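Student: If you scroll down you'll find the structure; I have some questions about it.
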Amino acid sequence: LAIQCAIDRKQVLDTAALGEGEVTGPITAPAFKSDPAKRPCPARDLAKAAEYLAKAGKPGGVTVKTIVSQGEYATSVNEAQNLKAQLAEAKINLDLEVLESGAFVDRWVAADFDAAVALNGGRPDPDGSYGRYFTSTGNLNKVAGYSSPELDKLFAEGKATTDQAARKAIYDKVSAELEDNAAWIWLFTSYTYTGTTSSVSGFVPMVSGSLQYLRTTSVG
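Start counting at 1 in the sequence shown, then tack on 446, and there's your number in the numbering used here.
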């Protein structure tokens with residue numbers, strides 16, 4: 447939580463991605479979108495960060511070894527450098543290890559890291575995004591490093607109902623637990639741009655990055 451409170455996410459966005467995106471919470475799918483204003487320390491609060499460090503028994507600060515990918519996505523190193531500068535003001539030292547993308551992925555999949563600056567792809571349903579990470583039986587729970595009986599219960603409830611209002615309430619609780627416990631530190635979601643010529647028809651860009659509409663795309 448000290449890290450959660452020591453970061454100005456808008457500064458990370460502006461510095462690393464030239465402001466081309468928006469600060470976000472865990473869930474970015476429009477129907478279930480998290481409210482970043484409801485997280486602990488929605489604005490940077492160094493006093494609160496110091497309080498959390500003291501509660502953790504680290505009043506003099508802490509060093510966190512952090513892996514970063516060189517080339518997996520465009521803003522990763524810039525994000526890491528800005529985070530390092532910001533967190534230093536809160537007596538949190540990010541010891542950055544910049545890795546080639548293949549080496550980064552190998553370390554990430556093996557959960558061979560203390561912290562990582564990483565990009566998670568968006569999906570239209572929160573269960574598809576996070577059920578595999580934050581449930582005790584999820585295939586990527588070792589990577590995520592966090593689960594709880596409450597999250598297991600909430601994800602099961604989210605899959606069991608088709609009532610959209612009920613699902614939104616469930617995933618709001620998921621977001622709250624993830625952020626209140628700083629399971630990960632969510633920063634921002636980048637805008638995605640797709641360029642085509644006037645002769646291209648039938649292509650629809652997807653926020654998930656899917657290229658499924660190439661099946662119906664034609665040129666000329």
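Note that the Cβ used here is the ideal one computed from N, Cα and C, for glycine as well.
The structure displayed is predicted, hence computed values, not measured ones.
Let's test the definition: count the other Cβ atoms within 10 Å of the Cβ of R661 and tell me whether it reaches 16, buried, or not, exposed.
Tutor: R661 is exposed by the Cβ-count criterion.
Student: What are the boundary residues of the beta strand (DSSP E) that includes T461?
Tutor: Unbroken run through T461 is the alpha helix (DSSP H), R455 to A463; no beta strand (DSSP E).
Student: Which residue comes first and which comes last in the beta strand (DSSP E) that contains F601?
Tutor: Segment P595 to A606 is the alpha helix (DSSP H) holding F601; no beta strand (DSSP E) there.
Student: Whole angstroms is fine: what's the gap from N539's alpha carbon to A628's?
Tutor: N539 and A628: Cα-Cα distance of roughly 17 Å.
Student: Tell me the DSSP secondary structure of F580 in three-state form.
Tutor: Helix.
Student: When DSSP builds the beta bridges, which residues end up paired with F725?
Tutor: Any property of residue 725 remains undetermined from this structure, which presents the chain solely from 447 to 666.
Student: Find the nearest neighbour of Y639 within the set G655, D573 and A612, judged by alpha-carbon distance.
Tutor: With distances taken between Cα atoms, Y639 lies closest to G655.
Student: Taking the alpha helix (DSSP H) that A452 belongs to, which residues open and close that run?
Tutor: From DSSP, the alpha helix (DSSP H) with A452 extends over A448 to A452.
Student: Below 8 Å, how does it come out for the region 511 to 521 and the region 472 to 487: are there three or more Cβ pairs, yes or no?
Tutor: With the cut-off at 8 Å, the region 511 to 521 and the region 472 to 487 do not touch.
Student: Could you tell me the distance, in whole angstroms, from the CA atom of D481 to the CA atom of A452?
Tutor: Straight-line Cα distance between these residues: approximately 19 Å.
Student: Could you tell me if D573 is buried or exposed, where buried requires 16 or more neighbouring beta carbons within 10 angstroms of its beta carbon?
Tutor: Classification for D573: buried.
Student: Tell me where the beta strand (DSSP E) around D541 begins and ends.
Tutor: Start and end: I538 to E546.
Student: At the level of alpha carbons, what is the spacing between V510 and D491?
Tutor: Cα-Cα distance, rounded: 19 Å.
Student: Rounded to whole angstroms, what's the CA-CA distance from A562 to G648? Just pull it up for me.
Tutor: Approximately 38 Å between the Cα atoms of the pair.
Student: Quick one, which of G471, D460 and D558 has its alpha-carbon nearest Y576's?
Tutor: Ranking G471, D460 and D558 by Cα distance to Y576 puts G471 first.
Student: Could you give the first and the last residue of the continuous alpha helix (DSSP H) run that contains S621?
Tutor: First-last of the alpha helix (DSSP H) with S621: Q610 to D626.
Student: Helix or strand or just coil, what does DSSP make of K501?
Tutor: Looking at K501 - three-state DSSP - the assignment turns out to be helix.
Student: What is the C-beta distance between K526 and S636, in whole angstroms, given that I count them as a contact (C-beta under 8 Å)?
Tutor: It is worth fixing the name first, because residue 526 is Ala in this sequence and not Lys. Not confirmed; about 15 Å, so no contact.
Student: Report buried or exposed for K566, applying the criterion of at least 16 other Cβ atoms within 10 angstroms of its Cβ.
Tutor: Reading the sequence as shown, one finds Asn at residue 566 and not Lys. Exposed: under 16 other Cβ atoms inside 10 Å.
Student: Would you kindly check if the distance between the Cβ of L533 and the Cβ of I513 is under 7 Å?
Tutor: In this structure, L533 does not lie closer than 7 Å to I513 by Cβ.
Student: Going by DSSP in three states, K530 sits in which element: helix, strand or coil?
Tutor: Helix.
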